[in-house]
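Asks: Below is the structure I would like to discuss, written out as structure tokens.
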Amino acid sequence: LMSAKFPVVGKGVSSQLVVFHQGSLPGALSISILLPGTKSAIVISSNALALNDVPNRVGQLVLEEFLQVPASERNDYIKAAEISRAENLKWYNHRYFNFKAMELLHMS
222 LMSAKFPVVG KGVSSQLVVF HQGSLPGALS ISILLPGTKS AIVISSNALA LNDVPNRVGQ
282 LVLEEFLQVP ASERNDYIKA AEISRAENLK WYNHRYFNFK AMELLHMS
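Residues in the sequence shown are numbered consecutively from 222, following our numbering.
Printed below as a string of structure tokens:
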């Protein structure tokens, strides 16, 4: 559910170790971000699927706040979500028309 370009998180701040894991199951998405140097963690889960990976985007947004990334260096997650949404809607339309075509073939 990501667009072609993944965001770089943490621009404008000192480098540090961040352990990151995304998870997904049918109907659920999650993200875990560990910052061993500060003994901190960010964990976000959802029990719904959307046209965006909401836990991932929110997790990155929280991480930028936690790291105190300067405002001028932060990612525009609203814009990224809008781009991702548009791309994913194209995929759904494509799938819908494929299913309809298959349905028509089997009806005739």
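Where is the CB? At the ideal position from N, CA and C, for every residue including glycine. Values in this document were obtained by computation on a predicted structure and should not be read as measured data.
Considering only C-alpha positions, which residue in the set L272, G248, M328, V240 is nearest to I299?
Replies: As a first step, residue 299 must be located in the sequence shown, where it is residue number 78. Cα-wise, what sits closest to I299 is L272.
Asks: Which runs of the beta strand (DSSP E), 3 residues or longer, sit entirely within the stretch 255-296?
Replies: Qualifying beta strand (DSSP E) stretches, in chain order: 261-267.
Asks: Would you mind sorting L326 into buried or exposed? The rule is 16 or more other CB atoms within 10 Å of its CB.
Replies: Translated into positions along the sequence shown, residue 326 becomes position 105. Exposed, by the Cβ-count rule.
Asks: Could you give the distance in angstroms between the alpha-carbon of A262 and the alpha-carbon of L256?
Replies: Residue mapping note: residue 262 aligns to position 41 of the sequence shown, counting from 1. Residue mapping note: residue 256 aligns to position 35 of the sequence shown, counting from 1. One C-alpha to the other measures close to 6 Å.
Asks: Taking the DSSP output, what are the residues bridged to Q243?
Replies: Counting from one through the sequence shown, the residue named residue 243 turns up at place 22. I252, per the DSSP bridge assignment.
Asks: Please identify the residue among L284, P247, R295 whose C-alpha is closest to the C-alpha of Q194.
Replies: Absent from the structure is residue 194, since the part of the chain shown begins at 222 and ends at 329.
Asks: Below 9 Å between beta carbons: does that hold for V290 and V230?
Replies: For the purposes of this step, residue 290 is identified with residue 69 of the sequence shown, where counting begins at 1. For the purposes of this step, residue 230 is identified with residue 9 of the sequence shown, where counting begins at 1. Yes, the Cβ-Cβ distance between V290 and V230 is below 9 Å.
Asks: Where do the ends of the alpha helix (DSSP H) carrying K300 lie?
Replies: Numbered from 1 along the sequence shown, position 79 holds the residue referred to as residue 300. That run of the alpha helix (DSSP H) goes 298-328.
Asks: Since L250 contacts L282 with CB under 8 Å, what's their CB separation in whole angstroms?
Replies: On the sequence shown, position 29 is the one that residue 250 refers to. On the sequence shown, position 61 is the one that residue 282 refers to. Contact doesn't hold; Cβ gap of about 15 Å is too wide.
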